[in-house]
């Protein structure tokens, strides 16, 4: 079963799935399930959330929802732990937030045929940290949806984890 965080819809039964099945089923995209993202989810789940909600937003506005869905899945296609990103080699090296869109774009371009709109969405999804402004309205949408998904994941799943800690009964050893 495939669900976006906060949605009860089974995504494999939606028209959305047919647009992104080739990406979702790719081994390298599946490998994103091994990487933690935003503390309480995986990079795969985060990318799925961004993809699905970006698709819905762009479809609502009659924008390019297909490119929005596909770029959403690929926007964080990098294969290292965020905490392991090391800038010590060069003091001028970009932060992870500004650097990973370039890495994701390179990885996506090697694995999939991308149109210019998809490329722009992947490269600019961290704007204004990327310093280059988005060229398409869908690129602005993905910057918004990426932050929305991160908050949904952190405050939704994260809040459940934190509340569970407070709800645990104190042990007999506590004063």
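Numbering (my numbering), first residue to last: 166 to 340.
Cβ coordinates follow ideal geometry from the N, Cα and C atoms, glycine included.
Verify whether the separation of the beta carbon atoms of residue i and residue j is less than 8 Å.
i: residue 220; j: residue 234; result: yes
i: residue 291; j: residue 303; result: no
i: residue 275; j: residue 218; result: no
i: residue 306; j: residue 222; result: yes
i: residue 194; j: residue 209; result: yes
Could you give the distance in angstroms between the alpha-carbon of residue i and the alpha-carbon of residue j?
i: residue 283; j: residue 170; result: 23 Å
i: residue 238; j: residue 191; result: 11 Å
i: residue 201; j: residue 241; result: 12 Å
i: residue 166; j: residue 288; result: 30 Å
i: residue 299; j: residue 266; result: 13 Å
i: residue 181; j: residue 216; result: 9 Å
i: residue 224; j: residue 199; result: 30 Å
i: residue 226; j: residue 296; result: 26 Å
i: residue 294; j: residue 278; result: 26 Å
i: residue 197; j: residue 270; result: 15 Å
i: residue 172; j: residue 183; result: 18 Å
i: residue 273; j: residue 236; result: 9 Å
i: residue 179; j: residue 228; result: 19 Å
i: residue 268; j: residue 320; result: 27 Å
i: residue 348; j: residue 189; result: Past the boundaries of the shown model lies residue 348; the chain is included only from 166 to 340, so the question cannot be answered.
i: residue 174; j: residue 315; result: 19 Å
Please identify the residue among the options whose C-alpha is closest to the C-alpha of residue i.
i: residue 187; options: 296, 231, 268; result: 231
i: residue 317; options: 213, 272, 177; result: 213
i: residue 206; options: 179, 228, 168; result: 168
i: residue 313; options: 174, 179, 281, 211; result: 211
i: residue 301; options: 280, 315, 320, 319; result: 280
What does residue i pair with, by DSSP beta-bridge criteria?
i: residue 201; result: 207
For the stretch 295-320, which segments carrying the alpha helix (DSSP H) assignment without a break, of at least 4 residues, lie completely within its bounds, in sequence order?
Within the stretch 295-320, the runs of alpha helix (DSSP H) at least 4 residues long that lie entirely inside it are, in chain order, 302-316.
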